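> Residue numbering for the sequence shown is 1 to 150, as defined by UniProt numbering. Glycine residues also receive a C-beta, built at the ideal position from the N, C-alpha and C atoms. Note that this is a predicted model, so its numbers are computed, not measured.
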Amino acid sequence: MAQQSIHGFYRVWFTCVDPLTLIPTVYALIYTPEFMLEGLIPPSMAVYNPLEGFFYHQLSALYAFVGIMLGGVLRVTSDIKVWRIIVAGVLLVDVSILASVYVSLQRQGRLEMEKWRWQDWGNVLWTGGVAIIRGLFFAGVGAGRKGKTA
């Protein structure tokens, strides 16, 4: 039976680019949580509460875990089933982020694009873009076959 191969773009994206983009996120969640909060909610609407800092630390651990899955596990296997499970899990994270941003903007009364700040645009465009890449991978776009068919 033929085995699906992993396209070079996906291999580089998921094992190098994706994990590298998580490093500043993990760092910022630990050391500058107020900056991360301001990226989601304008300071005029909510300010950082140090008593809630543990939430940011827990979130940083989850992002670090995602980075290890992408940059670690995917580097040591070419098993398409493992790749699909991990990419599907991270795609679920992306969709959850986009849904939560939508709900947050709605509650803030800022759903109209002219009310978006650069942080909102960056968050939606980056997360939406990587979700599209993950969706294309999961859909098999760019996947080839290797080996002999039975």
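I need the DSSP call for Ser60, collapsed to helix, strand or coil.
For the purposes of this step, residue 60 is taken as the residue at position 60 of the sequence shown. Residue state, collapsed to three classes: helix.
> Alpha carbon to alpha carbon, what distance is there between Ser100 and Asp79?
To locate residue 79, count along the sequence shown from 1; it is residue 79. To locate residue 100, count along the sequence shown from 1; it is residue 100. So the alpha carbons of these two residues sit roughly 32 Å apart.
> Among Phe35, Asp18, Leu40, Ile132, which has the Cα closest to the Cα of Arg107?
Looking up residue 107 in the sequence shown gives position 107. Arg107 has its Cα closest to that of Leu40, out of Phe35, Asp18, Leu40, Ile132.
> How should Met113 be labelled, buried or exposed, when 16 other C-beta atoms within 10 angstroms of its C-beta is the threshold for buried?
Here the question's residue 113 lines up with position 113 in the sequence shown. Result: exposed.
> Go to Asp94, then tell me how far its alpha helix (DSSP H) extends in each direction, as first and last residue.
As a working mapping, residue 94 is identified with position 94 in the sequence shown. Start and end: 80 to 107.
> Name the two residues that bound the continuous alpha helix (DSSP H) containing Asn123.
Position 123 of the sequence shown, counted from the first residue, corresponds to residue 123. 118 to 138 is the span of the alpha helix (DSSP H), which, as asked, contains Asn123.
> Can you check which of these residues, Tyr31, Val103, Arg117, Leu92, is closest to Ile132 by C-alpha distance?
Against the sequence shown, residue 132 aligns to sequence position 132. Cα-wise, what sits closest to Ile132 is Leu92.
> For Arg110 and Asp120, what's the separation of their Cα atoms in angstroms?
In the sequence shown, residue 110 corresponds to position 110, counting from 1. In the sequence shown, residue 120 corresponds to position 120, counting from 1. Each residue's Cα considered, the two are about 10 Å apart.
> Is any beta-carbon of chain B found at less than 8 Å from that of Gly8?
Looking at the structure shown, chain B is missing, and only one protein chain is on hand.
> Between Val66 and the rest of its own chain, which residues show a CB-CB distance below 7 Å, the 5 nearest in sequence each way excluded?
Taking the sequence shown and counting its residues from 1, the one referred to as residue 66 is at position 66. Within the same chain, Val66 has close Cβ partners Leu22, Val90, Val93.
> Would you report the Cα separation of Ala64 and Trp118, rounded to the nearest angstrom?
Position 64 of the sequence shown, counted from the start, is the residue given in the question as residue 64. Position 118 of the sequence shown, counted from the start, is the residue given in the question as residue 118. Taking the straight line joining both Cα atoms gives about 25 Å.
> Where does the unbroken alpha helix (DSSP H) through Ile41 begin, and where does it stop?
Sequence index remark: in the sequence shown, residue 41 carries index 41 (1-based). Looking at the DSSP string, Ile41 is not in any alpha helix (DSSP H), and its letter there is neither H nor E.
> Going by beta-carbon coordinates alone, are Pro36 and Ala28 separated by less than 8 Å?
Here residue 36 refers to the residue found at position 36 when the sequence shown is read from its first residue. Here residue 28 refers to the residue found at position 28 when the sequence shown is read from its first residue. Correcting the residue identity first, residue 36 is Met in this sequence and not Pro. Yes.
> For Leu74, which residues of its own chain have a beta-carbon under 7 Å away from its beta-carbon, when the five flanking residues on both sides are left out?
Along the sequence shown, read from residue 1 onward, the residue named residue 74 stands at position 74. Closer than 7 Å at Cβ, skipping near neighbours: Phe14, Thr15, Trp83, Ile86.
> Output needed for Ser60: all residues of its chain with C-beta closer than 6 Å, excluding positions within five of it in sequence on either side, in chain order.
Walking along the sequence shown from the start, residue 60 turns up at place 60. Excluding positions up to five away in sequence, the list reads Val26, Leu29, Ile30.
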